[in-house]
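Heads up: the sequence lines are chains Y and S, in that order.
Sequential numbering from 0 applies to the first sequence in numbering that gives the first Met the number 0.
Sequential numbering from 0 applies to the second sequence in numbering that gives the first Met the number 0.
All C-beta atoms, glycine included, are put in the ideal place defined by N, C-alpha and C.
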Amino acid sequence: MSMHGVPDGIVNPPRPLTAADEETASGKAGGFGMAPGTLVLALVFLGAFAVYYFTNWKLLSVVWQVG
Amino acid sequence: MKGGFRICPTTSLRVHRQADALIKANAVVATVSLLIGGITGLLVLLTRWQAVHLLDAAMFYRVLTIHGMSMLIFFIIFFEMAVLYFAGPVLLNSRVPAPRLGWSMFGLMVLGAVMVEWTMWTGRADVLFTSYVPLRAHPLFYLGVILFAVGTLITVAVFFGSLVVAKREKTYEGSVPLVTYGAIAAAIIAVITLLHGAAIYIPTFFWSIGIGNVDPQVYRMVWWGLGHSSQQINVAAMVAVWYLLGALTVGSVVINEKISRTAFVLYILFISMASAHHLLVDPGMGPTWKVVNTSYFMYMAVLASMIHGFTVPAGIEVGQRVRGLTKGMFEWLRRAPWGDPGFSALVFSVIIFGFVGGITGVTFGTEQINIIAHNTLRIPGHFHATVVAGTALAFMGVTYYVIPLIFRKKVAFWPLAKIQPYVFAFGMLIFSVAMTFAGTFGIPRRHWDMSFSDALFDVQFSPAANLVVTVMALGGLIAALGGAIYILVTVWSVFLGQPMEGDATYVDARSS
Chain Y
0 MSMHGVPDGI VNPPRPLTAA DEETASGKAG GFGMAPGTLV LALVFLGAFA VYYFTNWKLL
60 SVVWQVG
Chain S
0 MKGGFRICPT TSLRVHRQAD ALIKANAVVA TVSLLIGGIT GLLVLLTRWQ AVHLLDAAMF
60 YRVLTIHGMS MLIFFIIFFE MAVLYFAGPV LLNSRVPAPR LGWSMFGLMV LGAVMVEWTM
120 WTGRADVLFT SYVPLRAHPL FYLGVILFAV GTLITVAVFF GSLVVAKREK TYEGSVPLVT
180 YGAIAAAIIA VITLLHGAAI YIPTFFWSIG IGNVDPQVYR MVWWGLGHSS QQINVAAMVA
240 VWYLLGALTV GSVVINEKIS RTAFVLYILF ISMASAHHLL VDPGMGPTWK VVNTSYFMYM
300 AVLASMIHGF TVPAGIEVGQ RVRGLTKGMF EWLRRAPWGD PGFSALVFSV IIFGFVGGIT
360 GVTFGTEQIN IIAHNTLRIP GHFHATVVAG TALAFMGVTY YVIPLIFRKK VAFWPLAKIQ
420 PYVFAFGMLI FSVAMTFAGT FGIPRRHWDM SFSDALFDVQ FSPAANLVVT VMALGGLIAA
480 LGGAIYILVT VWSVFLGQPM EGDATYVDAR SS
């Protein structure tokens with residue numbers, strides 16, 4: 000339950016992880032395997048970076064032509 | 000000097016009275032600096048917005064200087080000192096080893112900041128943030144910076160002392176927490192930064208009083224060891240705050256301690272060389288020096304940011320999933336506490352820092368591409384995404400936890416506080432993206448008049464440039480509203496806020 004003027008993380012702090020949770024989080028599947036959503040976001044980032052980077056090289060070739 | 004500890008009812012940490020007080024003092028001065036920097040930023044914006052063009056040329060360069068120094072140096076570094084007192088004595092359950100020295104250095108930093116502000120406001124230092132020689136400011140400007148730097152350096156030494164004391168007095172077990180580790184990285188970068196500052200500002204001070212000479216080329220190279228590296232203290236401190244906010248808001252886990260800690264080491268090793276990207280169009284440096292520093296060493300620091308940019312959200316996702324939010328790809332994100340300003344500020348800080356600041360930064364740091372970006376609005380578009388939407392927003396987010404945990408006050412105007420990160424992030428996103436686009440049209444940075452009305456040569460920009468600058472101005476106004484809400488909420492909470500329930504009595508360590 001949220002209290003006026005105090006963030007949720009203080010009023011209703013996240014449940015402490017149990018030993019089993021810790022094992023799940025860093026266990027056989029591995030930490031990275033547990034974060035498929037973040038992997039998707041990272042791939043979106045990579046795509047955005049590639050588009051912006053190569054657009055800039057294209058822009059450079061337009062404003063500064065060789066030959 | 001009064002000592003003693005209190006037990007935080009939320010975190011169960013032992014909080015030293017002097018750590019509490021020094022965090023409060025540094026945070027208050029940081030907020031005052033933010034207010035000064037915010038007002039001058041608004042004046043800069045309303046001048047660069049050609050439809051308003053508020054200030055004359057002299058006042059424009061004056062407020063631009065004040066904006067840069069107040070935001071990039073005073074706001075950020077005072078806040079970082081608060082972070083160091085939190086990440087050292089508080090997180091390690093330890094005491095401040097030399098509180099009198101800590102207070103003296105805080106006073107020295109304030110004195111230095113006041114001297115610099117005075118010279119700038121009175122028109123004695125219209126030299127911009129970079130203060131490139133041969134532009135000459137009043138000697139008290141340089142002396143003020145030196146005193147501020149000395150105060151900071153010794154405060155960092157007090158932080159290192161607190162690590163030694165905590166280790167010796169066995170106030171924690173095992174390795175230091177990751178947040179403290181990040182703060183150590185920030186502190187080491189601070190030492191490197193401040194030594195560069197001393198190396199260049201001391202001779203420049205003597206030059207300003209007529210003793211000796213300073214080579215402009217050497218000045219530019221050494222100064223950026225201060226100017227850029229100081230922003231890397233921010234990055235390391237911001238990342239430490241990301242990990243802290245993740246743990247506080249959703250109980251995120253550190254998915255791999257070694258990887259995260261290695262990434263902090265990469266910052267320490269390579270971030271100073273990244274300063275070279277400011278000199279990519281400088282005729283005094285050869286292409287080999289530029290390429291080695293910006294296309295090899297700088298990428299190692301970028302790699303560190305990319306690692307943190309992955310491990311922080313991944314830690315949040317793993318933390319949410321082990322607590323049962325496992326449906327689909329994004330239930331962990333959808334059902335996150337979006338009404339908690341600490342969490343929303345964290346997420347927006349990560350996204351805008353990475354997607355806007357990171358992508359543009361790596362691109363502009365390429366020597367060949369830099370030639371079309373340097374000295375245009377693309378560069379401030381990039382660093383407003385990193386320093387303002389990234390660092391400042393993360394610091395704003397953690398403030399909503401500092402107020403109840405350290406100041407022991409409830410956050411005032413709570414509904415406003417909840418929307419503040421949204422308003423600020425939305426405004427800064429529009430502002431920084433539009434600013435970057437405006438630079439693509441060739442609009443120069445640090446320039447009073449984009450119409451070049453009195454220039455010898457006629458300069459015409461695409462008509463679309465005016466539209467983009469207007470969008471930039473509207474984004475800036477929204478961000479300024481978000482900044483104003485933050486200052487209203489924090490100042491009211493700290494000075495007029497309702498106290499938190501729970502015991503906050505300090506007990507002497509010997510009797511506890």
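Under 7 Å from the C-beta of residue i: neighbouring residues of chain S
i	result
Gly96(Y)	Since the first residue shown for chain Y is 0 and the last is 66, residue 96(Y) is missing from the structure and cannot be characterised.
Ala41(Y)	Phe309
Short Cβ contact (7 Å threshold) for residue i with residue j
i	j	result
Lys417(S)	Gln497(S)	no
Thr37(Y)	Ala313(S)	yes
Ile232(S)	Ala185(S)	yes
Phe77(S)	Val28(S)	yes
Val252(S)	Val317(S)	yes
Met395(S)	Ala433(S)	no
Phe85(S)	Leu142(S)	no
Gly380(S)	Phe352(S)	no
Thr293(S)	His276(S)	yes
His66(S)	Val43(S)	yes
Leu127(S)	Thr192(S)	no
Leu100(S)	Leu146(S)	no
Pro176(S)	Leu90(S)	yes
Ala472(S)	Ser431(S)	no
Ala411(S)	Val488(S)	yes
Tyr60(S)	Val132(S)	no
Val157(S)	Ala97(S)	yes
Pro6(Y)	Gly245(S)	no
Val238(S)	Ile315(S)	no
Val115(S)	Phe140(S)	yes
Asn92(S)	Arg5(S)	no
Gly501(S)	Gly37(S)	no
Leu376(S)	Gly283(S)	no
Assumed close pair residue i, residue j - CB separation to whole angstroms, cut-off 8 Å
i	j	result
Leu404(S)	Thr9(S)	6 Å
Tyr295(S)	Ile188(S)	That pair is no contact at about 19 Å.
Chain Y contact residues for residue i, given Cβ-Cβ distances below 7 Å
i	result
Phe354(S)	Phe44, Ala47
Pro312(S)	Thr37, Leu40
Val321(S)	Leu16, Asp20, Thr23, Ala24
is_contact[residue i, chain S] using C-beta, thresh 7 Å
i	result
Gly30(Y)	Low confidence applies to Gly30(Y): its pLDDT is 47, below 50, so where it sits in the model is not reliable enough to give any reading.
Tyr51(Y)	yes
Val65(Y)	no
Val62(Y)	yes
Lys27(Y)	Interpretation of Lys27(Y) is limited by its pLDDT of 49, a score under 50 that renders its predicted location unreliable; the figure taken from the coordinates is listed afterwards. Closer than 7 Å: no.
Met0(Y)	For Met0(Y), the pLDDT reaches just 45, beneath the cut-off of 50, and the residue's location in the model is therefore unreliable, although a value from the coordinates is still provided. No - not a single Cβ of chain S is within 7 Å of the one on Met0(Y).
Asn55(Y)	yes
Near the ligand FAD: residue i beta-carbon under 6 Å from a heavy atom
i	result
Thr390(S)	Judged by which ligands are present, the structure shown has none, so any question about the ligand FAD falls away.
Proximal residues of chain Y, C-beta to C-beta of residue i below 8 Å
i	result
Gln497(S)	Gly4
Lys169(S)	Ordered by position in chain Y, no residue passes the 8 Å Cβ test against Lys169(S), which lies about 24 Å from the chain.
Val410(S)	Gly4, Val5, Pro6
Thr9(S)	Ile9, Pro12
C-beta neighbour in chain Y for residue i, strict 7 Å
i	result
Tyr250(S)	The amino acid at residue 250(S) is misidentified as Tyr; the sequence shows Gly. So yes, Gly250(S) belongs to the interface.
Tyr399(S)	yes
Thr293(S)	no
Arg13(S)	no
Ala26(S)	no
Leu247(S)	yes
Asp19(S)	no
Val396(S)	According to the sequence as given, residue 396(S) is Gly; it is not Val. It does not; no Cβ of chain Y falls within 7 Å.
Asp339(S)	yes
Pro282(S)	no
Pro513(S)	Here chain S covers residues 0 to 511 and nothing more, so residue 513(S) does not appear.
Pro443(S)	no
Pro336(S)	yes
Pro403(S)	yes
Ser510(S)	Because the pLDDT at Ser510(S) is just 43, under 50, the model does not fix this residue reliably, and the point stays unresolved.
Trp413(S)	yes
Interface partners of residue i on chain Y, CB under 9 Å
i	result
Trp241(S)	Under the 9 Å cutoff, chain Y gives no residues; its nearest Cβ is about 14 Å from Trp241(S).
Trp491(S)	Within 9 Å Cβ-Cβ: nothing; Trp491(S) doesn't reach chain Y, min ~11 Å.
### Task
Please list the residues of the region 351-375 of chain S that have a C-beta atom closer than 9 Å to any C-beta atom in chain Y, keeping them in chain order.
Gly353, Phe354, Gly357, Ile358, Thr359, Val361, Thr362, Phe363, Thr365, Gln367, Ile368, Ile370, Ile371, Ala372
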